[in-house]
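Peer 1:
Residue numbers (the working numbering): 651 to 733.
#1: So residue 668 is in the alpha helix (DSSP H); what residue range does that whole segment cover?
#2: Considering only C-alpha positions, which residue in the set 708, 726, 718, 665 is nearest to residue 687?
#3: Would you check if there are 3 or more beta carbon pairs closer than 8 Å linking the region 689 to 702 to the region 716 to 731?
#4: Going by DSSP, what residues sit across from residue 703 in a beta bridge?
#5: Is the CB-CB distance between residue 706 and residue 685 below 9 Å?
#6: May I have the straight-line CA-CA distance separating residue 728 from residue 680, to the nearest angstrom?
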């Protein structure tokens with residue numbers, strides 16, 4: 651097998667492997683740290699030292715991953731379409 655063929659196969663399989671691993675990650679850990687508060691649940695105001703509950707994560711420090719959101723939406727569409 652020619653090295654350029656191996657390189658082509660590797661370049662084609664890399665995105666597939668990345669997608670599969672991200673789907674696995676979404677199944678194992680559906681939540682990630684909030685980017686605004688960095689997982690603390692408290693967000694600093696623009697001026698001053700007073701912090702408040704983060705609006706994006708409602709003070710939990712967690713957010714739903716995009717892949718988990720997509721899977722949930724697809725499952726909801728399937729469930730609503732079959733009933």
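For each residue, glycine too, the CB sits at the ideal point set by N, CA and C.
Peer 2: Taking the geometry as given:
#1: Position 18 of the chain shown, counted from the start, is the residue given in the question as residue 668. It spans 653 to 678 - the alpha helix (DSSP H) in which residue 668 sits, taken as one unbroken run.
#2: Position 37 of the chain shown, counting from 1, holds the residue named residue 687. Nearest of 708, 726, 718, 665 to residue 687, Cα basis: 708.
#3: no
#4: For the purposes of this step, residue 703 is taken as the residue at position 53 of the chain shown. Paired residues: 692.
#5: Stepping through the chain shown from its first residue, residue 706 is reached at position 56. Stepping through the chain shown from its first residue, residue 685 is reached at position 35. Yes, these two residues count as a Cβ contact at 9 Å.
#6: Indexing the chain shown from 1 puts residue 728 at position 78. Indexing the chain shown from 1 puts residue 680 at position 30. Taking the straight line joining both Cα atoms gives about 20 Å.
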